[in-house]
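Single-structure report; data block below.
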Amino acid sequence: MLKTLSDLVPNVFLAMLLAAAAIMAFATVNALFLVWLERKVSARMQRRYGPTVVGPFGMFQTLVDVVKLLSKQLISPKDIDKPLYHLAPIVVFVPVVLGLSLFPIDKSFALVDTNVGLVLVFAFAGMGFIAIFMAGWGSNNKYALLGAMRAVAQNIAYEIPLILAALAVTMIARSMRIADIVEAQGSFPYILVQPIGALIYYISAVAETNRAPFDIPEAESELVAGFHTEYSGMRFALFFLAEYTNMVIVSMVATSLFLGGYKGPLLPGPVWFFGKVYFLIFVMLWLRWTFPRLRFDQLMTFAWKVLIPLALANLLVTATVLKVMS
Amino acid sequence: MTSDLHKPGAALAAGTSADPWATPPADPDGETYYLNMGPQHPSMHGVLRLLLELRGEEIVKCEPIIGYAHRAHEKMAENRNYMMFLPNTSRVDYLSGMIYNIAYCQAVEKMLAIEVPERAEHIRVIVCELNRVSSHLLWFGTFLLDLGGITPFLYSFDDREQILSILDRVTGSRLTYCYGRFGGVTEDVDKKFLDETTAFLARLRGRMAEYHALVTDNVIFRSRCEGVGVIDRETAIEYGVTGPTLRAAGVPYDVRRAEPYGIYDRFEFDIPTASGADNLARYYVRVAEMEQSMRIIEQAIAKIPDGPIMPEKALKRFKPDVGEHYFAVESARGQFGIYIVSDGSDVPFRIKLRTPSFSNLACMPDVLRGTMVADTIAILGSIDIVLPEVDR
Amino acid sequence: MSDDSPQRSESLQRLYDDKLVVQAEVRDHAQGGFHESCIAAAAALPEIAAKLREDGFYLEMLTCLDRRQTGEEMALIYTFNRFDRAHRLRVESPIAAVAEWRGPAPAPLKGAAAKKKAEADKAKAEAAAARAAAGEPDPDPAAEGASIASVFRSADWYEREVYDMYGVTFAGHPDLKRILLPEDADFHALLKDFGRIDEAETTLDDQRPS
Amino acid sequence: MALNGAGKGPELKEAAQPALIKKAQGAPGTLSEREEAQLMAEAEPFVRFHLLEDLLNAARANSLWPLTFGLACCAIEMMAAGAAKYDLDRFGAGVFRPSARQADVMIFAGTISRKMGPVIKALWDQMPSPKWAIAMGGCTIDGGPFKYPNQYAIYEGADKLVPVDVYIPGCPPRPEALINGILELQNKIKAGRRFKPSTHEGPIPIAKAERTNAPTGRKVKG
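Here it is in structure tokens:
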């Protein structure tokens, strides 16, 4: 039976506190690790070494970066929209942290378990873009504004195929509880049942996280630094943290929906779960360091004219097959 | 006419120029807005500033603002003798510095009717073509960087380093070569240089296959390049566009063929052209040009004779006759012309550098109209400009 | 001006026949890099440029020469070239001095150089007189250049550069403003009497490492 | 430097530095020992959080994010330093930030023209402190090859615009030299804005690097 934190810890406030601490710790450590991993992986793909000086294999490089960013001056430019500008880095960070709590990492454990887990994850993920738009608008910088506009348009476009692909899975599993979906995957993962759905989901997920080749909201060579052009110090670090945590969330969803979550032979559940998650993240890094960036209109065309029809067709086929089989 | 701005610190005290961020007033209808791209922008190839009038992301009007890298090369030329201008030449266009350096030597040699020894001529061809390959490699990397692909940039830099270390051994510098002298070159090449060059060519050929797999056949790359940034023959004539940008429009104009200089008339090579006149065509032309440069280098290595690398009598101080000379070479970016006017003294009366990037950049307002912001970067990257060369 | 061989190109001959240019001469490309050369009045430049454009020329370069020190006028130097074959046509257009010469007088020539100079001047004056007698007077220096930016848009930037560096203005230019120097600069950098090295407190020799 | 008595301290320390050097060389007219001690004492911050400060300085030193900002020729060598063969990322300095708001160190890579001057000042002001500047190449030290009497187009040295921490000679400096410059800057930061005698072994000191790369028996002719 699936246990959640509230089952293990009787006091509800203590449970909340513990959950928050665990998630914050995981998010931070994970982001530190991922940034280091990204720098190392990209370096290895580019005939470099990447960080080597700070710590073994340069592992403390990102820690040092964060400490530095913490101690940097926080600049608030002139003529900004103060509430939006100051709130955005916090708002961007909150939903991704909430989203993290919903995944069962083992047959018997999840921090939080609800019967609408999947809906919640997508709802939280959608909030991130409000924060990005707040940042872009509040910065009073044209590059930031352009980046924010791109981000919103991109988010709306890619959220649809993302959810449509996930919807097909929920139809098969007949549940929106993530633990149920994982359990429903029996001995073979849904990627075999839903290969097109899995592909659509993964492409959309990469786009959702604003990673190359879909990184147009912060397209470095075009928009300087996009929506976070005007952010310095820790505020910028929070955007960074959110981006990397977001990667983990979409990979966790993909793992749970298509790769059988914690299921796997021999090794314990969490190992399988995180192994799959980090493999998917590695593929994201791989994509980023291989492909050039799409243009904005091509990105939108791809979403509206390719992914969404394909996802709808996939959904239709799934529904038909389910109806016929039942 | 005169100003005290040239006195050190005067401009600083005066608070320097007008508001550097001054943009035109906003459009009254509120349909368009201005975006100031540069001079500090990751894709402005140094210090170009584009003043863009945008509607959404579409460019309504574009005005390049140059001069942020103006270093008074031409004024310096008028203030020092012919020999002393030599180090300046490779700093005009630092990516094909060798070609510029040698071109200046050749121009002065033409003025003075100096014979260059055969061996020196061959060495010049080899180093110039190596420099051209290294310049194109850097372009390859930065173009992909502008498109958002980061890894090809590092790959091409890796290969470029090989060329630099080959040239470094002979010339003593990596970027701003001062290898040419009036009448020859400073340093003879040894067998190791030739062997290393041959080995590098073999290596690069293998690497080109990798590049094609990584970049040329990439769907995203092609969709970003095909049909984008068309600079056709008419536009080229209108603006005097030369080099690979022109050849991508299907015009087989290459100074090495049109007005052969040095010993280029002795080598077999093709002038690659393409018909699309777009980013992809320029990409193809440059990649093909690297191949042709490699062919030229191979022939030069095969033919290089023994002998002196400088004329018997080295030139120290000289005064060319009164007159004017125009000498053109094909640099990595197009036709580089040196117009020297001599008044009979040991100091040039006037040296005008006709730099290809200046003309190639001038067509931007026309080409960029109606494109997206992302295309602006791609097009700018594809025509391969070097800002200090534009500003001189 | 005698129409002797080598033969002028069709384009130049047409300009010559239309009385747009004088001193239309064929030059040795191997020597000076120019195929042909001629002199034209500034006002005729737009028409010349239009004709050359029809013939398939492009504007290769435009610059200016400041010869005020020796008491001569300034001159705009246009070079046109073709893409289908090398054919560099040089058009010189005299321009009146933009400002009075403020630098030192030229150093007096001595010995052979002075003799050479005198001979050259004499030959030049004789040739000019002969041309004037034949009804082909050299064009007078114009007060300002005529913009050919409407014919070759590349001229837009070249003319701005000449304006920036020499202060020569161009009639009919769409937007004549500084291009390389800061917009508030109050000097024209390539004028020979600006920023002369001999006026400086240190000389180049002081800067050389000993 | 937020904890270090903000602002005043470092300047005083740097002012004290030349005097110390002169003293060591036995030059006349330098400060007396007492004056010197007094000056150094004044330069000391009022309260010192040694461990925290050292930790912060170490973090700052090892995470120098340069601004993506090339002016001329040196920019190419700066790119080369970040690229495959030299890889600035090894020292944590390979994260080139395009936005000045996120950069720690401005590497002046190339000639600073008069037209560019105001822009550079604006960029420098946009960077959050603590920030550092590296003058890379001859042009940013004193005008380099473009310095001549009555030069009208350039600023003869980056230090005419912003305070420079490390100067790297060369035209352009080799990537190794830039790396050395970054390491020197790290030393300076770790020592609290004061130069300690260089302790790092370094990849290769510049002089040696040039020697190993130069062809043997090289004679410059012409």
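So the sequence lines, in the order shown, correspond to chains A, B, C and D. Letter by letter, the first sequence follows residues -7 to 318 of the numbering used here. Letter by letter, the second sequence follows residues 50 to 441 of the numbering used here. Letter by letter, the third sequence follows residues 7 to 216 of the numbering used here. Letter by letter, the fourth sequence follows residues 2 to 223 of the numbering used here. Backbone N, C-alpha and C fix where the C-beta goes; we use that ideal spot for every residue, glycine too. Since the model is a prediction, treat every value here as computed from it, not as a measurement.
Do we get a CB-CB distance below 8 angstroms when we pair residue i with the residues of chain B?
i        : result
Asp289/A : yes
Glu66/C  : yes
Gly27/D  : Unreliable placement is indicated for Gly27/D, whose pLDDT of 45 sits below 50; the coordinate value is still reported in the next sentence. Chain B contact via Cβ: absent.
Asp144/C : no
Asp34/C  : no
Val298/A : no
Ser114/D : yes
Arg91/C  : yes
Using the beta-carbon count (16 or more within 10 Å), is residue i buried or exposed?
i        : result
Glu447/B : Shown here, chain B extends from 50 to 441; a query on residue 447/B therefore has no answer.
Lys14/D  : For Lys14/D, the predicted structure reports a pLDDT of 43, less than 50, and the residue's modelled location is therefore unreliable. A value from the coordinates is still provided. Lys14/D should be labelled buried.
Arg73/C  : buried
Phe148/A : Looking at the sequence shown, residue 148/A is not Phe but Ile. Its Cβ having fewer than 16 others within 10 Å, Ile148/A is exposed.
Pro174/D : buried
Ser324/B : exposed
Lys401/B : buried
Pro145/C : buried
His194/C : buried
His94/B  : buried
Ser224/A : buried
Any beta carbon of chain A sitting closer than 8 angstroms to that of residue i?
i       : result
Arg61/D : yes
Ser64/D : yes
Compare the Cα-Cα distances from residue i to each of the options and report the closest residue.
i        : options                                : result
Asp266/B : Asp217/B, Tyr332/B, Ala323/B, Pro293/B : Tyr332/B
Leu61/A  : Gln38/A, Arg227/A, Thr44/A, Leu277/A   : Arg227/A
Leu410/B : Val439/B, Thr138/B, Arg230/B, Glu178/B : Val439/B
Pro166/B : Ile269/B, Ser394/B, Pro354/B, Met413/B : Pro354/B
Phe115/C : Ala351/B, Thr322/B, Ser394/B, Arg181/B : Note that residue 115/C is Leu in the sequence shown, not Phe. Comparing Cα positions, the closest option is Ser394/B.
Phe325/A : Leu314/A, His220/A, Leu258/A, Ser196/A : Outside the modelled stretch of chain A, which goes from -7 to 318, sits residue 325/A, for which no answer is possible.
Val240/A : Glu222/A, Phe206/A, Glu200/A           : Glu200/A
Glu170/B : Cys111/B, Glu236/B, Tyr143/B           : Glu236/B
Tyr64/C  : His122/B, Val290/B, Ala248/B           : Val290/B
Asn202/A : Ala303/A, Val59/A, Gly253/A, Ala143/A  : Ala143/A
Tyr83/B  : His90/B, Arg104/B, Leu97/B             : Arg104/B
Ser153/C : Ala135/C, Asp181/C, Glu78/C            : Asp181/C
Gln177/A : Arg169/A, Pro187/A, Ala165/A           : Ala165/A
Pro357/B : Met147/B, Arg168/B, Ile151/B, Asn150/B : Arg168/B
Is there a C-beta anywhere in chain D that falls below 8 angstroms from the one on residue i?
i        : result
Ala217/A : yes
Thr20/A  : no
Gly128/A : no
Ala23/A  : no
Is there a Cβ from chain C that is less than 8 angstroms from the Cβ of residue i?
i        : result
Val174/B : no
Ser391/B : no
Tyr156/D : no
Phe385/B : no
Subject >> Chain-ordered residues of the segment 45 to 60 of chain A with a beta carbon less than 7 angstroms from chain D >> reply: Val45, Val46, Gln53, Val56, Asp57, Val59, Lys60
Subject >> Under 9 angstroms (Cβ pairs) to chain A, residues found in the segment 126 to 145 of chain D >> reply: Gln127, Met128, Pro129, Ser130, Pro131, Lys132
**OP:** Taking only runs that begin and end inside the segment 83 to 169 of chain B, name each unbroken alpha helix (DSSP H) of 4 or more residues, in chain order.
**Re:** 122 to 126, 135 to 141, 146 to 161
Original post:
Which runs of the alpha helix (DSSP H) spanning at least 4 residues fall entirely within the segment 208 to 260 of chain A, listed in chain order?
Top reply: Complete alpha helix (DSSP H) runs here, min 4: 212 to 215, 225 to 250.
Original post:
Which runs of the alpha helix (DSSP H), 4 residues or longer, sit entirely within the segment 129 to 195 of chain D?
Top reply: 139 to 143, 176 to 191
**OP:** Mind checking the segment 169 to 202 of chain C against chain D and listing, in chain order, the residues whose C-beta falls within less than 9 angstroms of any C-beta there?
**Re:** Leu186, Leu187, Pro188, Glu189, Ala191, Phe193, Ala195, Phe200, Gly201, Arg202
Original post:
Taking Cβ-Cβ distances below 9 angstroms as the criterion, which residues of the segment 102 to 125 of chain B are in contact with chain A?
Top reply: Leu103, Gly105, Glu106
**OP:** Run through the segment 342 to 410 of chain B for me and flag every whole beta strand (DSSP E) of 3 or more residues, listed as ranges in chain order.
**Re:** 372 to 379, 384 to 391, 399 to 403
Original post:
Where are the beta strand (DSSP E) runs, 3 residues long or more, that stay fully inside the segment 55 to 143 of chain D, in chain order?
Top reply: For the beta strand (DSSP E) assignment, the uninterrupted runs of no fewer than 3 residues enclosed by the segment 55 to 143 of chain D are, from N- to C-terminal side, 106 to 110, 133 to 137.
**OP:** Could you name each continuous beta strand (DSSP E) segment of 3 residues or more that falls completely within the segment 74 to 135 of chain C, going from the start of the chain to the end?
**Re:** 80 to 88, 95 to 101
Original post:
Using a beta-carbon distance cut-off of less than 7 angstroms, what residues from the segment 296 to 323 of chain B approach chain C?
Top reply: Look at the segment 296 to 323 of chain B: the residues with a C-beta under 7 angstroms from a C-beta of chain C are Val300, Tyr302, Ala307, Glu308.
Original post:
According to a CB-to-CB cut-off of less than 8 angstroms, which residues of the segment 226 to 238 of chain A neighbour chain D?
Top reply: Phe228
Subject >> Minimum length 4: unbroken alpha helix (DSSP H) runs contained in the segment 233 to 311 of chain B >> reply: 240 to 260, 268 to 274, 282 to 288, 293 to 296, 304 to 307
Subject >> Contiguous beta strand (DSSP E) assignments of at least 3 residues, all confined to the segment 72 to 142 of chain A >> reply: With a minimum length of 3 residues, the unbroken runs of beta strand (DSSP E) contained wholly in the segment 72 to 142 of chain A fall at 96 to 98.
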